[in-house]
Amino acid sequence: MSWVDAVVHGILLGGVYALLATGLSLMFGVMRIINLAHGSLALVGAYMTFLVVEHAGGSTYVAMLPVLAGALVVGYALQRTVLERSLRGGELVPLLTTFGLLIVIANLLQKFFSPDVRGLASGGIGTANWSVGGGLTIAWFDVLVLVIAVGVLTGLHLLLRRTQLGRELRATAADADTAELLGVNSRAVYARATAIAVATAALAGVFFAMRSNFDPTTGPTQLIYAFEAVVIGGVGSLWGTLVGGIVLGVAQTVGAQIDVQYFALAGHVVFLAVLTCRAMLQAGGLRVLGRLAA
Amino acid sequence: MSAPPLLSIQGIDARHGLLQAVRKVSLDVGEGETVALVGANGAGKTTLLRTIAGAHRPYGGRILFEGRDITHMPAYRRTRMGIALVPEGRRLFPQLTVEENLLVAGAARRSGSWGVDEVLDAFPLLRPLRGKRAASLSGGEQQATAIGRALMTNPRLLLLDEMSLGLAPVAVEGLYRSLTMLIESGTTILLVEQDLSRALGVASRVVCMLEGRLVLQGAAGELSREQVTDAYFGLRAAS
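Going down the list, the protein sequences come from chains P and Y.
Sequential numbering from 1 applies to the first sequence in the working numbering.
Sequential numbering from 1 applies to the second sequence in the working numbering.
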């Protein structure tokens, strides 16, 4: 694989991370909740689609539709029954709650689906390639995932900017108490945000499962990549999530081009570098370095 | 039997942090009245207003709106019933534009005459600013947006907290002109104001608080400035 090949594949891989990170970013942006169960909820989406395909047959693309509708309901109910209560307990409680949820989901998936590795069929597009020339080949499925990620982000962008729900989400994120004084039911707004976040997680989980094999322990690994994409792109920034996903994907594929073992390591190094730069900028460290250089 | 007052506060106790800010306050506000709530800093005016709006939970007493007990009703439902608060410090959503700030309040609005265009007519200075972010506005423009935002809910009772605080005199002048227009249109207003002259100029009734208690109330035309000032500073008990 050439360097150009590595960069192109990294950009496409970024689509997967961005899709997974979108819901994480939305929940943090609106409610300041770091949902540690986000990767596990994505995995539940994959398993539920697997179940629908197993029992009803048909294409994965069709089977995911009722799962996405179910994910909206699950997300709404999760917020109203569990997260809403934990939010009242301060910043740490939602973190612990979602950590507990992660463990519960992983164990339930092990119990009902066994630790066996599974996969979801991606149809003809899963194996179709486009030979660009110069030895560069692009998988159509990866392009599809990137297009869906951009589509989901565009949809969310329009929702936030052009609709009443979007205005309420942004107002509640800025100042929930004042939004309530204007007639906005902030608890219902939070529940809708979580519903959207869980549905995007399920969508990402299904596409991840069409791309790679999965088992009940896959969730936390994917959470780490999604979390890194959110932090690299700027916490709470929707389009930053896409940028973060692409930067992470390119770092990983370029790292793998150097040595295949550096795939994950290169992504983590970029993540740490971004965190360090931000911390230095905040502390005014770069100004000090600039003065020293002058 | 006469109709109940629009707002009836009955023996309300409320805390601000650990401090008991409001003590056994009882007050009625009738439809179409403009009541000025005056008092020194820390008298409990803001806590009382926030308690009426539902942003503060009282630990004693009752609040009735149109005869209905709303003491334990969440703030957003009170707004939908017709109570709107313009909070101290404006509390606009800084990243939203002026128009978006107004539209947020339009979510649960009651039927009525106020819409974006009507607010922009009432506050013409906002018309060229409708697409600007709230964070970039001057203090007077922010206050006009905050009042317009509350009007978007089509309130029956408008609670105004320190409307002129920190604003340039010319901005205060403009806001009071708009307020006079609102009063003339029959909107019921409970106004917290430190500027006694302005409060006495627009109110039909004046209520004075001192250390969490009501110490004076009466028709604005019947109270002398000295009486209000004495009650304001606690120089002489009056009722």
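Beta carbons: idealized from backbone N, C-alpha and C, even for Gly.
Keep in mind it's a predicted model, so treat the numbers as computed, not measured.
request  = Using a Cβ-Cβ cut-off of 7 Å, state whether alanine 75 of chain Y counts as contacting chain P.
outcome  = As a working note, residue 75 of chain Y is residue 75 in the second sequence. Chain P, which has a Cβ nearer than 7 Å to the Cβ of alanine 75 of chain Y, makes this yes.
ask   = When the Cα atoms are used, what is the spatial distance from alanine 105 of chain Y to valine 215 of chain Y?
value = Indexing the second sequence from 1 puts residue 105 of chain Y at position 105. Indexing the second sequence from 1 puts residue 215 of chain Y at position 215. Our two residues, alanine 105 of chain Y and valine 215 of chain Y, have alpha carbons roughly 35 Å apart in a direct line.
query = At least one CB of chain Y closer than 7 Å to the CB of arginine 162 of chain P: is that the case?
reply = The residue you call residue 162 of chain P lines up with position 162 of the first sequence. No, arginine 162 of chain P lies away from the interface with chain Y (no Cβ there is under 7 Å from its Cβ).
ask   = Taking the alpha carbon of phenylalanine 207 of chain P as the point to measure from, which residue in P/Gln257, P/Gly29, P/Ser122 and P/Val73 has its own alpha carbon closest?
value = For the purposes of this step, residue 207 of chain P is identified with residue 207 of the first sequence, where counting begins at 1. Cα-wise, what sits closest to phenylalanine 207 of chain P is P/Ser122.
request  = Would you mind reading off the limits of the beta strand (DSSP E) that contains glycine 61 of chain Y?
outcome  = The residue given as residue 61 of chain Y occupies position 61 in the second sequence. Looking at the DSSP string, the run of the beta strand (DSSP E) that includes glycine 61 of chain Y is 60-65.
ask   = Roughly how many angstroms separate the alpha carbons of valine 117 of chain P and serine 212 of chain P, rounded to a whole number?
value = Here residue 117 of chain P corresponds to residue number 117 of the first sequence, with the count starting at 1. Here residue 212 of chain P corresponds to residue number 212 of the first sequence, with the count starting at 1. Roughly 10 Å separates the two Cα atoms.
request  = From the DSSP output, read off the bridge partner residues of tryptophan 130 of chain P.
outcome  = As a first step, residue 130 of chain P must be located in the first sequence, where it is residue number 130. Note: tryptophan 130 of chain P sits in a beta bridge opposite P/Ile138.
inquiry  = Strictly below 8 Å CB to CB, what residues from chain P border alanine 171 of chain Y?
reply    = One-based indexing of the second sequence puts residue 171 of chain Y at position 171. Chain-ordered listing is empty here: chain P has no CB closer than 8 Å to the CB of alanine 171 of chain Y, the nearest sitting near 21 Å.
inquiry  = Checking the sheet assignment: what are the DSSP bridge partners for alanine 14 of chain Y?
reply    = Taking the first residue of the second sequence as 1, we reach residue 14 of chain Y at position 14. In DSSP, alanine 14 of chain Y forms a bridge with Y/Val22.
message = I'd like the span of the alpha helix (DSSP H) that includes glutamine 164 of chain P, first residue to last.
response = On the first sequence, position 164 is the one that residue 164 of chain P refers to. Its alpha helix (DSSP H) spans residues 164-174.
query = Relative to chain Y, which residues along the region 167-197 of chain P have a C-beta separation below 8 Å, given in chain order?
reply = Arg167, Glu168, Arg170, Ala171, Ala174, Asp175, Asp177, Thr178, Ala179, Glu180, Leu181, Leu182, Gly183, Val184, Asn185 and Ser186
inquiry  = Helix, strand or coil, according to DSSP, for methionine 209 of chain Y in the structure here?
reply    = On the second sequence, position 209 is the one that residue 209 of chain Y refers to. Methionine 209 of chain Y falls in the strand class under three-state DSSP.
ask   = Would you report the Cα separation of glutamate 33 of chain Y and valine 207 of chain Y, rounded to the nearest angstrom?
value = The residue you call residue 33 of chain Y lines up with position 33 of the second sequence. The residue you call residue 207 of chain Y lines up with position 207 of the second sequence. Those two C-alpha atoms are separated by around 12 Å.
task = Following the continuous beta strand (DSSP E) through leucine 85 of chain Y, name the residue where it begins and the one where it ends.
result = Stepping through the second sequence from its first residue, residue 85 of chain Y is reached at position 85. Residues 83-86.
Per-residue DSSP class, three states only, for serine 239 of chain Y = Looking up residue 239 of chain Y in the second sequence gives position 239. In this prediction, serine 239 of chain Y scores a pLDDT of 44, lower than 50, which makes its location untrustworthy; no coordinate-derived value is stated.
request  = Measure from the alpha carbon of serine 59 of chain P to the alpha carbon of each residue in P/Val8, P/Ala226, P/Ile125 and P/Gly284, then state which is nearest.
outcome  = Translated into positions along the first sequence, residue 59 of chain P becomes position 59. The candidate whose alpha carbon is nearest that of serine 59 of chain P is P/Ile125.
query = Counting pairs of Cβ atoms below 8 Å between the region 182-193 of chain Y and the region 157-165 of chain Y, do you hit three or more?
reply = yes
request  = Compare the C-beta of serine 239 of chain Y against all C-beta atoms of chain P and say whether one is closer than 7 Å.
outcome  = Numbered from its first residue, the second sequence carries residue 239 of chain Y at position 239. Low local confidence applies: a pLDDT of 44 at serine 239 of chain Y is under 50, so the model's placement there is unreliable, with the coordinate-based value given in what follows. No, serine 239 of chain Y does not count as interfacial toward chain P.
inquiry  = Using a Cβ-Cβ cutoff of less than 8 Å, which residues in the same chain neighbour phenylalanine 263 of chain P once the five nearest sequence positions on both sides are dropped?
reply    = One-based indexing of the first sequence puts residue 263 of chain P at position 263. Same-chain partners within the cutoff: Gln252, Thr253, Gly255 and Ala256.
ask   = Just the Cα atoms here: how many angstroms apart are glycine 39 of chain Y and phenylalanine 233 of chain Y?
value = On the second sequence, position 39 is the one that residue 39 of chain Y refers to. On the second sequence, position 233 is the one that residue 233 of chain Y refers to. Looking at the two C-alpha atoms, the distance is approximately 8 Å.
ask   = Counting along the chain, where does the beta strand (DSSP E) carrying leucine 159 of chain Y start and finish?
value = Counted from its first residue, the second sequence places residue 159 of chain Y at position 159. Leucine 159 of chain Y -> beta strand (DSSP E) spans 157-161.
query = If you measure from the beta carbon of leucine 37 of chain Y to each beta carbon in chain P, is any gap under 7 Å?
reply = To locate residue 37 of chain Y, count along the second sequence from 1; it is residue 37. For leucine 37 of chain Y, the answer is no, since every Cβ of chain P falls outside 7 Å of its Cβ.
inquiry  = Strictly below 7 Å CB to CB, what residues from chain P border alanine 53 of chain Y?
reply    = Within the second sequence, the letter at position 53 stands for residue 53 of chain Y. The answer, in chain order, is Leu181.
key: 9 Å Cβ cut-off: residues of chain P touching arginine 91 of chain Y   = As a position in the second sequence, residue 91 of chain Y is number 91, starting the count at 1. Contact note: arginine 91 of chain Y reaches chain P through Asp175, Asp177, Thr178 and Leu181, using a C-beta cutoff of 9 Å and chain order.
task = Mind listing the chain P neighbours of glutamine 95 of chain Y? Cutoff is C-beta to C-beta under 8 Å, in chain order.
result = Along the second sequence, read from residue 1 onward, the residue named residue 95 of chain Y stands at position 95. Here the neighbours are Arg170 and Ala174.
task = Using DSSP bridges, identify the partner residues of glutamine 257 of chain P.
result = Your numbering for residue 257 of chain P matches position 257 in the first sequence. Glutamine 257 of chain P pairs with nothing; no bridge assigned.
message = List, in chain order, every chain P residue whose beta-carbon is nearer than 7 Å to that of threonine 79 of chain Y.
response = Mapped onto the second sequence, residue 79 of chain Y falls at position 79. The contacting residues are Leu181, Leu182 and Gly183.
ask   = Using a Cβ-Cβ distance under 7 Å, would glutamate 100 of chain Y count as near chain P?
value = To locate residue 100 of chain Y, count along the second sequence from 1; it is residue 100. Interface residue, yes.
Residue from Y/Arg77, Y/Val172 and Y/Ala53 with nearest C-alpha to arginine 187 of chain P = In the first sequence, the residue the question calls residue 187 of chain P occupies position 187. If we check each option's Cα against that of arginine 187 of chain P, Y/Arg77 comes out closest.
query = Smallest Cα separation from tryptophan 369 of chain P: which of P/Trp130, P/Arg167, P/Ile148 and P/Glu54?
reply = There is simply no residue 369 of chain P to check, as chain P begins at 1 and stops at 294 in what is shown.
message = Short of 6 Å in beta carbon distance, which residues of its chain neighbour leucine 298 of chain P, apart from the five on each side in sequence? Order them along the chain.
response = Residue 298 of chain P lies beyond the range of chain P shown here (1 to 294); nothing can be said about it.
ask   = On the premise that tyrosine 76 of chain P lies in contact with alanine 195 of chain P, defined as a C-beta separation below 8 Å, what is that separation, rounded to the nearest angstrom?
value = In the first sequence, the residue the question calls residue 195 of chain P occupies position 195. In the first sequence, the residue the question calls residue 76 of chain P occupies position 76. At roughly 4 Å, the Cβ-Cβ gap stays under 8 Å, so alanine 195 of chain P and tyrosine 76 of chain P are in contact.
ask   = Nearest chain P C-beta to leucine 165 of chain Y closer than 7 Å, yes or no?
value = For the purposes of this step, residue 165 of chain Y is taken as residue 165 along the second sequence, with counting starting at 1. No, its Cβ sits nowhere closer than 7 Å to a Cβ of chain P.
key: Assigned exposure category for serine 86 of chain P - 16 Cβ within 10 Å defines buried   = The residue given as residue 86 of chain P occupies position 86 in the first sequence. Looking at its Cβ environment, which holds 16 or more other Cβ atoms inside 10 Å, serine 86 of chain P is buried.
inquiry  = Please list, in chain order, the chain P residues whose beta carbon lies closer than 8 Å to that of alanine 105 of chain Y.
reply    = Position 105 of the second sequence holds residue 105 of chain Y. Ordered by position in chain P, the residues that pass the 8 Å Cβ test against alanine 105 of chain Y are Leu182 and Gly183.
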